[in-house]
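**Q**
Protein chains in written order, with the numbering used here: chain H, 487 to 869; chain X, 69 to 223.
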């Protein structure tokens with residue numbers, strides 16, 4: 487039976503390790519000599535690094551380039567510890583890793599990365615993405631991955647690079663390239679591998695940005711329920727296979743479905759698009775096309791969003807990393823004690839902090855004058 | 069400053085390579101403090117430089133490994149190395165117009181990060197040298213350049 491070994495990564499001290507770098511080095515070495523070369527398959531193990539939000543967990547590149555033997559059921563997992571996962575907005579008080587160069591490079595290991603924040607603050611072309619995926623199976627779930635606005639580079643920068651991935655799956659992630667120069671800047675570059683993107687919000691901000699770049703002529707992209715913001719969304723530089731999702735939405739006119747084209751990257755769609763502190767939760771509005779227009783991906787294992795909200799919340803999946811759990815339209819009914827009278831209010835969007843109450847209701851107490859008698863409500867929560 | 073040093077052959081790291089640099093009194097993890105793979109030493113000399121400069125100096129990748137010819141190349145020489153040795157694979161001719169490949173696409177993706185070492189090995193309390201390991205193009209070490217001599221304390 488496969489056993490799971492968990493180590494704590496506490497950058498502020500008090501755990502097993504203070505960096506993922508030290509975890510990588512020591513854990514593969516500690517399996518030696520009884521299990522040569524960090525062979526998790528022979529050892530029948532999964533090794534987990536639980537990262538705490540007490541500082542930066544990266545002290546340099548984590549190459550995972552040698553010393554591990556893994557497969558799809560014996561892998562490395564990097565995940566935010568309970569209570570230390572981001573809340574959908576970048577925060578250095580939650581589990582995160584930030585580097586001035588290449589961040590995590592999975593290279594030759596099977597790996598799962600869950601609930602983490604990964605950032606590159608200085609970028610030089612393809613060599614320094616926040617996440618570089620090698621030639622094994624990698625699953626990235628519910629992460630915020632970004633190139634910071636301060637980053638610069640040789641001629642281009644990208645957030646995620648899949649160089650030779652056997653299969654890379656990114657789901658429920660926010661992937662942002664905030665760098666405005668140099669241009670073009672990319673969200674994801676997939677050179678040769680097979681990549682599956684489910685319910686991600688992928689944003690690249692530069693003036694000649696590209697969201698997905700397929701190169702090498704042999705890669706495959708399967709995309710569903712993603713929102714893309716870039717000047718060019720699906721870019722195929724060779725003979726790659728681009729399976730565009732009918733339920734993808736785009737900031738330009740490239741979306742397959744007409745209704746999902748030209749969805750603005752603005753506060754009409756998202757809570758906050760301020761560079762560096764983006765909150766890409768969906769604005770609750772009947773006009774927001776990302777609400778309830780996604781395909782049902784339950785059968786593909788998509789059952790929650792980036793912050794753990796169950797999918798779907800209503801009749802259909804939302805598009806992007808967040809699943810809205812606020813009713814788009816609502817009814818509010820209060821029944822008063824000793825009365826058959828009902829206080830009814832309806833609206834659309836977020837539940838308001840104040841309501842226009844009927845004239846026979848005392849707004850300071852919620853009491854309603856009913857046939858000359860003041861009646862107290864069962865509950866009165868409306869300001 | 070406190071240094072987490074490699075104390076055994078860990079593949080990417082050689083004995084004596086610096087894995088991490090932290091300020092004095094840092095709360096190292098239990099698996100870092102009590103691990104035959106690592107050695108913790110402190111350099112009491114405070115005039116080495118600021119913490120951030122030290123981190124950049126010690127941890128920033130400065131030597132890259134070419135995955136095509138397996139030679140180490142200084143970061144500043146990557147472009148020249150590509151032109152001189154791998155010009156045949158430098159361009160992607162499948163696209164029109166031909167696109168210049170990045171170092172990552174060509175194969176220069178690995179950063180040999182451990183440019184600096186503390187020598188001599190053993191890390192007993194006493195005098196040590198902070199050195200720069202210099203590689204020739206055939207991946208052989210050709211020199212140690214001493215940058216600083218100071219005392220170390222084993223934590």
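Glycine is no exception: its CB is placed at the ideal position from the N, C-alpha and C atoms.
For a minimum of 3 consecutive residues, which ranges assigned as the beta strand (DSSP E) are wholly contained in the stretch 523-600 of chain H?
**A** Runs found: 531-537, 562-566, 582-585, 597-600.
**Q** Taking DSSP as the reference, what is the three-state secondary structure of residue 739/H?
**A** On the first chain, residue 739/H is found 253 positions in, with the first residue counted as 1. Correct three-state label for residue 739/H: coil.
**Q** Leaving out the 5 sequence neighbours to the left and right, which residues in its chain are closer than 6 Å to residue 540/H when beta-carbon positions are compared?
**A** Taking the first residue of the first chain as position 1, residue 540/H is located at position 54. So the list reads 496, 497, 498, once near-sequence residues are dropped.
**Q** So, is residue 798/H buried or exposed, given that buried needs 16 or more other C-beta atoms within 10 angstroms?
**A** Within the first chain, residue 798/H is the residue found at index 312, counting from 1. Its Cβ being crowded by 16 or more others within 10 Å, residue 798/H is buried.
**Q** In three-state DSSP terms, what is residue 658/H?
**A** Counted from its first residue, the first chain places residue 658/H at position 172. Three-state DSSP puts residue 658/H in coil, outside helix and strand.
**Q** Residues in its own chain within less than 7 Å of residue 660/H by CB, not counting five upstream and five downstream?
**A** As a position in the first chain, residue 660/H is number 174, starting the count at 1. Closer than 7 Å at Cβ, skipping near neighbours: 630, 687, 766, 792, 807.
**Q** Mind checking whether residue 697/H and residue 674/H have CB atoms under 9 Å apart?
**A** Here residue 697/H corresponds to residue number 211 of the first chain, with the count starting at 1. Here residue 674/H corresponds to residue number 188 of the first chain, with the count starting at 1. Contact: yes.
**Q** For residue 74/X, decide whether its Cβ has a neighbour in chain H, counting only Cβ atoms nearer than 9 Å.
**A** In the second chain, residue 74/X corresponds to position 6, counting from 1. So yes, residue 74/X belongs to the interface.
**Q** How about residue 537/H and residue 492/H: do their beta carbons lie closer than 9 Å?
**A** Position 51 of the first chain holds residue 537/H. Position 6 of the first chain holds residue 492/H. Result no, Cβ atoms of residue 537/H and residue 492/H do not sit closer than 9 Å.
**Q** In angstroms, rounded to a whole number, what distance separates the CA positions of residue 584/H and residue 96/X?
**A** One-based indexing of the first chain puts residue 584/H at position 98. One-based indexing of the second chain puts residue 96/X at position 28. Cα to Cα, residue 584/H sits roughly 19 Å from residue 96/X.
**Q** Taking Cβ to Cβ, would you say residue 509/H is nearer than 9 Å to residue 526/H?
**A** Your numbering for residue 509/H matches position 23 in the first chain. Your numbering for residue 526/H matches position 40 in the first chain. Not closer than 9 Å, so no.
**Q** Check the Cβ of residue 499/H against every Cβ in chain X and list those closer than 8 Å, keeping chain order.
**A** As a working mapping, residue 499/H is identified with position 13 in the first chain. Chain X residues near residue 499/H: 94, 95, 96, 97.
**Q** Would you decide whether residue 504/H is buried or exposed? Buried here means 16 or more other CB atoms lie within 10 Å of its CB.
**A** Translated into positions along the first chain, residue 504/H becomes position 18. Result: buried.
**Q** At a CB-CB cut-off below 8 Å, which residues of chain X make contact with residue 729/H?
**A** What you label residue 729/H is simply residue 243 of the first chain in a count that begins at 1. By Cβ distance, chain X contributes nothing, its closest Cβ being about 20 Å from residue 729/H, past 8 Å.
**Q** Interface residues of chain X around residue 777/H at Cβ under 8 Å?
**A** Indexing the first chain from 1 puts residue 777/H at position 291. Within 8 Å Cβ-Cβ: nothing; residue 777/H doesn't reach chain X, min ~38 Å.
**Q** Confirm, please, whether the CB-CB distance from residue 593/H to residue 620/H is below 9 Å.
**A** Sequence index remark: in the first chain, residue 620/H carries index 134 (1-based). Sequence index remark: in the first chain, residue 593/H carries index 107 (1-based). In contact: residue 620/H and residue 593/H (Cβ atoms closer than 9 Å).
**Q** Alpha helix (DSSP H) containing residue 98/X: first to last residue?
**A** Residue numbering aside, residue 98/X sits at position 30 when the second chain is read from its first letter. Its alpha helix (DSSP H) spans residues 98-101.
**Q** Assuming residue 663/H contacts residue 709/H under a Cβ cut-off of 8 Å, what Cβ separation, rounded to an integer in Å, is found between them?
**A** One-based indexing of the first chain puts residue 663/H at position 177. One-based indexing of the first chain puts residue 709/H at position 223. At roughly 17 Å, the Cβ-Cβ gap does not stay under 8 Å, so residue 663/H and residue 709/H are not in contact.
**Q** Taking 7 Å as the limit between beta carbons, can you name the residues of its chain near residue 722/H, skipping five residues before and five after?
**A** Mapped onto the first chain, residue 722/H falls at position 236. Hits under 7 Å: 700, 728.
**Q** How should residue 190/X be labelled, buried or exposed, when 16 other C-beta atoms within 10 angstroms of its C-beta is the threshold for buried?
**A** Counting from 1 along the second chain, the entry for residue 190/X is found at position 122. Per-residue confidence for residue 190/X stands at a pLDDT of 48, beneath the threshold of 50, marking its modelled position as unreliable; the derived number appears in the next sentence. Exposed: under 16 other Cβ atoms inside 10 Å.
**Q** For the beta strand (DSSP E) that contains residue 151/X, what are its first and last residues?
**A** Your numbering for residue 151/X matches position 83 in the second chain. Segment 146-153 is the alpha helix (DSSP H) holding residue 151/X; no beta strand (DSSP E) there.
**Q** Note the first and the last residue of the continuous beta strand (DSSP E) segment covering residue 709/H.
**A** By one-based count along the first chain, residue 709/H stands at place 223. Element bounds for residue 709/H: 706-710.
**Q** Given a cut-off of 9 Å, decide if residue 544/H and residue 589/H are closer than it, judged by their beta-carbon atoms.
**A** In the first chain, residue 589/H corresponds to position 103, counting from 1. In the first chain, residue 544/H corresponds to position 58, counting from 1. Yes, the pair counts as a contact, with Cβ atoms nearer than the cut-off.
**Q** For residue 648/H, tell me which candidate among 602/H, 745/H, 683/H has the shortest Cα-Cα distance.
**A** Here residue 648/H refers to the residue found at position 162 when the first chain is read from its first residue. The shortest Cα separation from residue 648/H among 602/H, 745/H, 683/H belongs to 683/H.
**Q** Could you tell me the distance, in whole angstroms, from the CA atom of residue 618/H to the CA atom of residue 102/X?
**A** Position 132 of the first chain, counted from the first residue, corresponds to residue 618/H. Position 34 of the second chain, counted from the first residue, corresponds to residue 102/X. Near 31 Å, if we compare the C-alpha coordinates of residue 102/X and residue 618/H.
**Q** Are any of the Cβ atoms in chain X nearer than 9 Å to that of residue 682/H?
**A** Numbered from its first residue, the first chain carries residue 682/H at position 196. Taking Cβ atoms only, chain X never reaches closer than 9 Å to residue 682/H, which makes this a no.
**Q** My understanding is that residue 564/H touches residue 599/H, with C-beta atoms under 8 Å, so please give their C-beta distance in whole angstroms.
**A** In the first chain, the residue the question calls residue 564/H occupies position 78. In the first chain, the residue the question calls residue 599/H occupies position 113. Yes, residue 564/H and residue 599/H are in contact; Cβ-Cβ is about 5 Å, under 8 Å.
**Q** At a Cβ threshold of 9 Å, is residue 496/H touching chain X?
**A** Position 10 of the first chain, counted from the start, is the residue given in the question as residue 496/H. Yes, because at least one Cβ of chain X sits closer than 9 Å to the Cβ of residue 496/H.
**Q** Output yes or no for whether 9 Å exceeds the beta carbon distance between residue 628/H and residue 587/H.
**A** For this step, residue 628/H is matched to residue 142 along the first chain. For this step, residue 587/H is matched to residue 101 along the first chain. Cβ atoms of residue 628/H and residue 587/H: not closer than 9 Å.
**Q** So, with DSSP's three-state summary, where would you put residue 774/H?
**A** Residue 774/H sits at position 288 when you count from the first residue of the first chain. Three-state result, residue 774/H: coil.
**Q** According to DSSP, is residue 514/H part of a helix, a strand, or is it coil?
**A** As a first step, residue 514/H is located in the first chain; it is residue number 28 there, counting from the start. It is helical.
**Q** Any beta-carbon of chain H closer than 9 Å to the one on residue 88/X?
**A** Reading the second chain from its first residue, position 20 is the one you call residue 88/X. Yes - at least one Cβ of chain H is within 9 Å of the one on residue 88/X.
**Q** Does DSSP classify residue 722/H as helix, strand or coil?
**A** On the first chain, residue 722/H is found 236 positions in, with the first residue counted as 1. Residue 722/H falls in the strand class under three-state DSSP.
**Q** Do residue 473/H and residue 733/H have their C-beta atoms closer together than 9 Å?
**A** The structure shown does not extend to residue 473/H, since chain H spans only 487 to 869, so no value can be given for it.
**Q** Within 10 angstroms of its Cβ, does residue 488/H collect 16 or more other Cβ (buried), or is it exposed?
**A** Reading the first chain from its first residue, position 2 is the one you call residue 488/H. That one is exposed.
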